[in-house]
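Top to bottom, those sequences are chains A and B.
Numbered per our numbering, the first sequence spans residues 116 to 411.
Numbered per our numbering, the second sequence spans residues 162 to 429.
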Amino acid sequence: MNSGMAQRIPEGPVASGGMAERPDVGKLSVRGVGKIYDPEGAAVVAVENCDVEVEAGDFVAIVGPSGCGKSTLMNAIAGFDTITSGEIILDGVPLATPELAPRPGPDRVVVFQHGALFPWKTVLENVTYGPMVQGKLSGDEAHTRAMNLLGECGGLDRVADTYPPQLSSGMQRRVEIVRALMNDPSILLLDEPFRAMDTVSKTTMHRHLLQMYRVCRRTIIFITHDLEEAVFLADKVMIMTSRPGTIKKSLDVTLSRPRSTDMLTSEEFRELKLQLSATVHEEAKKAFARGEREQA
Amino acid sequence: MKDLLTSKRFWLMWAGYALFLLIWYGSTNWLPIAAFNRLPGPIEVITEWVNPDPFYGISIFTAPYYTHILYSVVRATSAFLLAVALGVPLGILMGWSKRFNEYASGLFGLLRPIPPLAWVPVAILLFAQPEAAVVFVTFLVAFFATTMNTFVGVRSIDQDYFRAAECLGSSPTQVLRHVIIPGALPHIFTGLQIAMGAAWFSLAAGEMIAAQYGLGFLVFESYNLIQFPTIVIGMATLGLAGYISSALIRVIGNRLMQWREQALGMEG
């Protein structure tokens, strides 16, 4: 690595068990957030009274069934959509309130469910895009830094001149994460990024993601409905339910870092997973009952 | 080149041409139908076309032949370029701004179905001289095709690309340059090919009515003067000109969209 790298990305193997130190930015507070869609007067509550506290540098997974409002919450944090109540605060600065116009920005970069690398730009052009359009780095600086970061993330520098559609979906997703990291975001928002992948590629992706997290530690919010994935990756798993979409419970994952695939077979992992799936199941039943009552 | 000669596609293409010539020859020479017998056969047309001393005055060795071609090419090209210069920005604006689209799409829906030839009288009144009128009707069809396809192209860009661009800190003009234009480019080029085809189509029609030179004029004039082989020479030249201009647009498009070439290659 060289001076082209941003100051917040620490060098090489780091102290405290190989983990980079906790960053000083990326503390997120979601307080009483609600979102009501009301296009034709028939109010639809997507999210209600949602509270999430994320410490700087934490890896938080949000799990929940489809349609529970995970994406709504994510869009509110990313600044793609308004909220109708509550507030979202990042490092003491309000990001979203009902009065504030939503505004996305490079401090919270999203990695999309279906992938959103620009297919008309090469891997390198995609990765340097953020710092270049923001005018943060010169062409040369961006190039050097991109090649370094790509190289660190499993030798992706070899495909720097390729167009994304030629890469496997796993590689595309890794490139997209690198593209996000290039902006030094305070938060990385991952919206079910490995959803469409087979188990083997998923495992590879987990390894890569954990490696990236170890080297450039950032606050990560990871949305998924795969419980095993949530436990394996995160420090904290939040359980979201539908009707109304809100965070009901959270589970602290006590597995130590760095994590390895060996842990998947450990007793501790198994127990955490059971505990999580029991809670999810229970909450789902309650939500279902609430739904039945609403229908009646 | 060796690949080309051994590829099935290449030979099938020529077999298609040969079959067409055979049917043409057969219908003019063997069919006992008077109407067909009046038409010129392929041999008659080809010998006239390559004749240094053509019977009806038009062949590849005569200057007037190239004058007609030049007139048509200049008209088609200027109408096409004008259509691109106005249609692409307008289509992007319609795709970009919902409000602008509300204004424009209703108007487009009404104007687009009017056949180009129906514009000729208005165009002549408007421009007072046939040259501009012919170019205008040619422009009009190319313009509609370009605008509509550009519009569809912008609309078909995945919303996530816009969101990603915003996340990465793009200004609206950067979104335009890095997302909207490249994202709409495949549709834009499809539109340009359609526009070019439509341009030749209405150009020939316009020239028949309101011009003194040009391939469309040549076809109609030869009909009036009962110079049948020349009619077919004019038609065939129009066909060739249309084909070459479409191919040119395709080549430019492929150069501009190498990412797409590669991606399609992977699928194929």
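From the three backbone atoms N, C-alpha and C, an ideal C-beta is built for every residue, glycine too.
Note that this is a predicted model, so its numbers are computed, not measured.
{"Item": "In terms of residues, what are the limits of the beta strand (DSSP E) holding A/Gly147?", "Value": "Leu143 to Tyr152"}
{"Item": "Output the distance between the C-alpha atoms of A/Met262 and A/Arg273, rounded to the nearest integer angstrom.", "Value": "9 Å"}
{"Item": "Rounding to the nearest angstrom, what Cα-Cα distance links A/Gly285 and A/Arg333 in this structure?", "Value": "21 Å"}
{"Item": "Alpha carbon to alpha carbon, how far is A/Ala311 from B/Leu242?", "Value": "44 Å"}
{"Item": "Should the region 398-405 of chain B be called in touch with the region 331-346 of chain B, which here means at least 3 C-beta pairs below 8 Å?", "Value": "no"}
{"Item": "From the DSSP secondary-structure annotation, give me the bridge partner or partners of A/Cys165.", "Value": "A/Val148"}
{"Item": "Would DSSP call A/Val225 helix, strand or coil?", "Value": "strand"}
{"Item": "Classify A/Glu202 as helix, strand or coil using the three-state DSSP reduction.", "Value": "strand"}
{"Item": "Assuming A/Val226 and A/Pro308 are in contact, meaning their beta carbons sit under 8 Å apart, how far apart are those beta carbons, in whole angstroms?", "Value": "5 Å"}
{"Item": "Consult DSSP for A/Lys351 and reduce its assignment to one of helix, strand or coil.", "Value": "strand"}
{"Item": "Can you look up A/Phe174 in the DSSP assignment and give me helix, strand or coil?", "Value": "strand"}
{"Item": "Would you kindly work out how many angstroms separate the C-alpha atoms of A/Leu239 and A/Arg294, rounded to a whole number?", "Value": "9 Å"}
{"Item": "So that I know if they touch, is there some Cβ in chain B lying closer than 9 Å to that of A/Val178?", "Value": "no"}
{"Item": "Should B/Ala237 and B/Ala371 be called a contact, given that it needs their Cβ atoms to be closer than 9 Å?", "Value": "no"}
{"Item": "Can you list, in chain order, the residues of its chain whose CB lies under 7 Å from that of A/Tyr328, leaving out five sequence neighbours each side?", "Value": "Phe174 and Ile335"}
{"Item": "Pull up the distance between the alpha-carbon of A/Ser381 and that of A/Arg372, whole angstroms please.", "Value": "14 Å"}
{"Item": "Determine which residues of the region 272-305 of chain A have a Cβ less than 7 Å from any Cβ of chain B, and write them out in chain order.", "Value": "Tyr278, Pro280, Gln281 and Asn298"}
{"Item": "Tell me whether the beta-carbon of B/Ala244 lies closer than 9 Å to the beta-carbon of B/Phe300.", "Value": "yes"}
{"Item": "Establish whether the CB of B/His229 and some CB of chain A are separated by less than 9 Å.", "Value": "no"}
{"Item": "Give me, in chain order, the residues of the same chain whose beta-carbon lies closer than 7 Å to that of A/Lys150; leave out the 5 immediate sequence neighbours on both sides.", "Value": "Ala161, Val162, Thr187, Ala191, Ile198 and Thr199"}
{"Item": "Under 9 Å between beta-carbons, which chain B residues line up against A/Gly182? List them in chain order, please.", "Value": "Chain B residues near A/Gly182: none, gap ~19 Å exceeds 9 Å."}
{"Item": "In the region 328-344 of chain B, which residues sit with their C-beta less than 8 Å from some C-beta in chain A, listed in chain order?", "Value": "Cys328, Leu329, Gly330, Ser331, Ser332, Gln335, His339, Val340, Pro343 and Gly344"}
{"Item": "So with Cβ pairs under 9 Å, would you call A/Phe227 a contact of chain B?", "Value": "yes"}
{"Item": "Within a Cβ cutoff of 7 Å, which residues of the same chain sit near A/Pro180, ignoring the five residues on either side of it in sequence?", "Value": "His340, Ser357 and Ala399"}
{"Item": "So is A/Gln122 buried or exposed if we call it buried at 16+ other beta carbons inside 10 Å?", "Value": "Residue confidence is low: A/Gln122 scores 40 on pLDDT, short of 50, so the model does not pin down where it sits. No coordinate-derived value is stated."}
{"Item": "Cβ of B/Ala303 within 9 Å of Cβ of B/Ala356?", "Value": "yes"}
{"Item": "Check whether the Cβ of A/Ala216 lies closer than 9 Å to any Cβ atom in chain B.", "Value": "no"}
{"Item": "Taking the C-alpha atoms as reference points, what is the distance between A/Arg408 and A/Gly245?", "Value": "48 Å"}
{"Item": "Rounded to whole angstroms, what's the CA-CA distance from A/Gly185 to B/Trp172? Just pull it up for me.", "Value": "With the sequence shown as reference, residue 185 of chain A is identified as Lys, and Gly is not the correct amino acid for it. Going by the C-alpha atoms only, they are around 57 Å apart."}
{"Item": "Quick check on A/Arg223 - is its C-beta less than 9 Å from some C-beta in chain B?", "Value": "yes"}
{"Item": "Where does A/Ser365 fall in DSSP's three states?", "Value": "strand"}
{"Item": "Under 9 Å, Cβ to Cβ, is there at least one residue of chain A near B/Arg416?", "Value": "no"}
{"Item": "Which residue wins for smallest C-alpha separation from B/Asn198, given the options B/Ala306, B/Trp185 and B/Val249?", "Value": "B/Trp185"}
{"Item": "Take A/Lys364 as the anchor and find which of A/Ala176, A/Asp276, A/Glu291 and A/Ala171 has the nearest alpha-carbon.", "Value": "A/Ala176"}
{"Item": "Applying a beta-carbon distance threshold of less than 7 Å, which residues of chain B neighbour A/Pro308?", "Value": "By Cβ distance, chain B contributes nothing, its closest Cβ being about 12 Å from A/Pro308, past 7 Å."}
{"Item": "Go to A/Thr277, then tell me how far its alpha helix (DSSP H) extends in each direction, as first and last residue.", "Value": "Unbroken run through A/Thr277: none, as it is neither H nor E."}
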